[in-house]
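Beneath this line is the structure, given in structure tokens, with notes to follow.
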Amino acid sequence: DENRLAVAAEVDNPMQWAVCTARSLADTFVWDNLLTDDRLDENGDFRRLLQEAPGVLQNSACLGWIAEEDELVDDIGEFGDRIQAVLEEICEMTRDMTHGEYREYNSRTAFRTKILTESLGVIGVMTLLLDFAGVDILRIGQMPRLKSDFDDEKLSSIAKFVGINSAIG
């Protein structure tokens, strides 16, 4: 179905799930095939609002990264470039964390929280953009070791993440 996007990830923790989902939702395939000018025009007023009133999208729709240093983006291509830059930064942060480097954050937990927050932001933005384009999203997270390898704390964090992820869209 050309009006549905399914993204799936096999993961061990909420951060992995968020990063994989963000990367899948903001993949160049999505921008090139689902977030086209025609689809956005056909299904709503997003492009018109982006060009005429980007502040409305930023403030009313909570569309992150539409403003950068008080400069509002008014072009879908430029907006896509900003999201791609955020994704690249998320990937770099994830690599740094894997190597035990936490940048200016004083702990692994604080750094993981930053990565998770940025990833959830991308998920939220992409969910909204795809909704503007008339695309439904099916998000699947597979956790093969869930029963054998997860203690109560991990299960609780996964349940919390599923709740947050569901609230996004």
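Count along the sequence shown from 1, then add 741; that gives the number in the working numbering.
Every residue, glycine too, gets a C-beta built ideally from N, C-alpha and C.
P755, buried or exposed, once every other Cβ within 10 Å from all chains shown has been counted against 16: Within a 10 Å sphere around the beta-carbon of P755 sit 16 or more other beta-carbons, which makes this residue buried.
Measuring alpha carbon to alpha carbon, tell me which of G882, P885, I899 and L870 ends up nearest N744. Distance check between N744 and each of G882, P885, I899 and L870 places L870 closest, using alpha-carbon atoms only.
Reduced DSSP category for L804 - H, G, I as helix; E, B as strand; rest coil: Judged by DSSP in its simplified three-state form, L804 adopts coil rather than helix or strand.
Candidates N774, D815 and F873: closest to A794 by CA position: Ranking N774, D815 and F873 by Cα distance to A794 puts D815 first.
Determine the DSSP secondary structure at E751, reduced to helix, strand or coil. In the structure shown, E751 sits in a strand (DSSP, three-state: E or B).
D773: beta carbon under 8 Å from a heavy atom of the ligand GDP? As far as ligands go, the structure on display features none, and thus does not contain the ligand GDP.
Span of the beta strand (DSSP E) around G882: Note, G882: beta strand (DSSP E), D877 to Q883.
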